[in-house]
Amino acid sequence: FAKESDQLIAIYNERLEEIIRTEADILRRMKEAIGNGTLEVWYQPIMLLEEGRYRAAEALVRLPDGKGGYFSAGQVISLAERNGIVEELGDYVLTKACAFMKEQGDRLGVQRIGINLSVQQLLLDNSAGHLLELIRSTGVDLNRITLEITESILIQSIDRASKTLEKLRQAGAHIALDDFGVGYSSLNYLSNLPVDIIKIDRSLTQQILTQPKQYKLLKTIVDMASINGLVVVAEGVETEAEQKAIAASGLQYIQGYYYARPMSDEKLMQSLQD
Ligand code: C2E
Ligand code: CA
Ligand code: CA
Ligand code: CA
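Numbering of the sequence shown is given in full-length UniProt numbering, commencing with residue 644 and proceeding in unit increments.
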């Protein structure tokens, strides 16, 4: 028995070391890519249903893995957050996405660009001032920028976060509540939050066809949002059947593989300009 557990511990340690090595590798590549400008920002178009056109896009970070592929954005962000470099990474993505919007937005017919914010970016001293300065430095109009923050972050630090978000909104930016419909959601507080847009999480979107209750929840969210003057985006729409059900719910915007995957700026320009 003792032998067996020794063996297990050895395997466990090996795995742990491997994880630590991989993380160190990602972190090293991340710092390097931020420094030399090879960290990429990709864009996923968002369809405005009533026009049948892409009117918005979300910026998503892409770190090359050195083998022709990319590390998962989720892993990259969580590592950046745990190692105190998410502010630097966030500034990089924000600047790049705003500059892209300024240069290409009109030509591509994209009216708004969504940029994700991490909790650390939101809770710094003078967060709003810093973010506004960066956005303005690119020359882009603030009303073409949407800042996306997850529902869990907003709710956990509602007082501080609200002040920052209010300043950003007053300057013209829109705020989107990301990953809505998982766990934290309460429809009651929707009217009191400093947000303009709700993004329905993929985990809810993917249940609407199989679970009637979840479709009802989606419809309720759409109705509540409309009463409160909020715009709703459904994320993670992958099939025509999902697209149809969602269109029938009265929801305005769809983001998902059904229409388009995230793509590099070059690809986006190729696929959108007519
Ligand atoms: P998110 O903000 O919820 O972004 C949407 C994610 O869903 C993206 O994953 C996108 O590629 C994926 N997605 C979109 N449509 C579909 C679909 O139809 N099916 C499926 N299966 N997935 C779909 P991605 O790019 O891997 O990003 C993962 C998360 O990493 C993001 O989730 C966001 O939380 C975070 N993230 C990405 N870029 C940044 C960034 O620049 N800053 C910060 N703070 N977080 C970021
Ligand atoms: Ca997002
Ligand atoms: Ca999301
Ligand atoms: Ca998500």
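Ideal Cβ positions, reconstructed from N, Cα and C, are used throughout, including at glycine.
For residue i, collect the residues of the same chain with a Cβ closer than 6 Å to its Cβ; drop the 5 residues on either side in sequence, then sort them by chain order.
i	result
Ala742	Thr781
Ser805	Pro837
Leu737	Ile758, Leu777
Tyr900	Glu881
Ala771	Thr807, Lys810, Leu811
Asp708	Phe714
Using 7 Å as the cut-off, classify the Cβ of residue i as near or not near the heavy atoms of ligand 3, replying yes or no.
i	result
Lys842	yes
Can we count residue i as close to ligand 1, meaning its CB is less than 7 Å from some heavy atom?
i	result
Pro707	no
Cβ-heavy atom distance between residue i and ligand 2 below 7 Å?
i	result
Asp821	yes
Gly782	no
Glu701	yes
Glu794	no
Gly757	yes
Glu883	no
Glu694	no
Glu791	yes
Can you list, in chain order, the residues of its chain with a C-beta nearer than 8 Å to that of residue i? Leave out the 5 residues immediately preceding and following it.
i	result
Ile841	Ala819, Leu820, Phe823, Leu833, Ile864, Ala868, Leu873, Val874, Val875, Val876
Asn726	Leu670
Lys674	Ile728
Arg884	Per the sequence shown, residue 884 should be read as Ala rather than Arg. Leu852, listed in sequence order.
Identify the continuous beta strand (DSSP E) that holds residue i and give its terminal residues.
i	result
Asp822	817-823
Ile801	From DSSP, Ile801 is part of no beta strand (DSSP E) but of the alpha helix (DSSP H) over 801-813.
Leu790	788-793
Near residue i, what residues of its chain come up, given a Cβ to Cβ distance below 7 Å and the 5 sequence neighbours on each side ignored?
i	result
Ala740	Val684, Ala702, Ile756, Ile758
Glu878	Lys842, Ile843, Asp844, Arg845, Thr848, Gln898, Gly899
Could you give the residue range of the alpha helix (DSSP H) that holds residue i?
i	result
Leu659	645-679
What do you reckon, is the C-beta of residue i under 7 Å from a heavy atom of ligand 5?
i	result
Glu885	The ligand content of the structure shown is limited to ligand 1, ligand 2, ligand 3 and ligand 4, which means ligand 5 is not among them.
3 or more residues per run - each beta strand (DSSP E) lying fully within the region 827-910: Taken in chain order, the whole beta strand (DSSP E) runs of length 3 or more contained in the region 827-910 are 840-843, 874-878, 896-898.
Pocket of ligand 1 (residues with CB nearer than 5 Å to any heavy atom), chain order: Proximity annotation: ligand 1 has residues Leu703, Val704, Ala716, Gly717, Ile720, Val736, Asn759, Ser761, Gly879, Glu881, Gly899, Tyr900, Pro905 in chain order, each selected because its CB is closer than 5 Å to a heavy atom of the ligand.
Can you list the alpha helix (DSSP H) stretches of 4 or more residues lying completely in the region 747-782, in chain order? Within the region 747-782, the complete alpha helix (DSSP H) runs of at least 4 residues are 762-766, 770-780.
What are the start and end residues of each continuous beta strand (DSSP E) run of 3 or more residues lying completely inside the region 691-721, in chain order? Fully enclosed beta strand (DSSP E) runs of 3 or longer: 696-705.
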